[in-house]
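> In this note's numbering, the protein residues as written are 942 to 1064. Using N, Cα and C, we set each Cβ at its ideal position, and we do this for glycine too. Quick one: this structure, given as structure tokens, is what I'll be asking you about.
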């Protein structure tokens, strides 16, 4: 399994691939946190949050990536494939950032629809 230090290096590498213009108003940047975060609507603690976009009056705008969640979901992957999953998650969170700046909630609705589908599948 990849260490948090190795994942930090990978995240830095994929973050460099994101155009610098998209970082506008992302004053808190991209953080790698050690946490394993289970989605509050998870059934049987099997749905993990890999990353989140935050808008906070005090902390500002930032993206959190959860190392522990990545290990739980993708711990079996090669480093190359882990890096690809990191990029997918980072792009997803950047889309939340850009849509937030534009006042758009399209991806939030898609995420909500995905949770509804997950819950239907679980019942």
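Quick one: using the 10 Å Cβ neighbour count with 16 as the cut-off for buried, is residue 1010 buried or exposed?
Locating residue 1010 in the chain shown gives position 69, counting from the first residue. It counts as buried.
> State buried or exposed for residue 1000, treating a residue as buried only when at least 16 other CB atoms are found within 10 Å of its CB.
Counting from 1 along the chain shown, the entry for residue 1000 is found at position 59. By the 10 Å Cβ count, residue 1000 comes out exposed.
> Which residue marks the beginning of the beta strand (DSSP E) containing residue 970, and which one marks its end?
As a first step, residue 970 must be located in the chain shown, where it is residue number 29. From DSSP, the beta strand (DSSP E) with residue 970 extends over 970–974.
> I need the DSSP call for residue 1057, collapsed to helix, strand or coil.
Here residue 1057 corresponds to residue number 116 of the chain shown, with the count starting at 1. Here residue 1057 sits in helix by DSSP.
> Let me confirm a value: residue 1016 is counted as buried when at least 16 other C-beta atoms fall within 10 Å, else exposed. Which label applies?
Here residue 1016 corresponds to residue number 75 of the chain shown, with the count starting at 1. Looking at its Cβ environment, which holds fewer than 16 other Cβ atoms inside 10 Å, residue 1016 is exposed.
> Just how far apart, CA to CA, sit residue 961 and residue 986?
By 1-based counting over the chain shown, the position of residue 961 is 20. By 1-based counting over the chain shown, the position of residue 986 is 45. Distance between the alpha carbons of residue 961 and residue 986 is about 36 Å.
> Using DSSP's beta-bridge definition, name the partner residues of residue 992.
One-based indexing of the chain shown puts residue 992 at position 51. According to DSSP, residue 992 bridges with 1006.
> Take residue 980 as the anchor and find which of 1037, 1028, 1014 has the nearest alpha-carbon.
Start at 1 with the first residue of the chain shown, and residue 980 comes out as number 39. For the residues 1037, 1028, 1014, the minimum Cα distance to residue 980 belongs to 1014.
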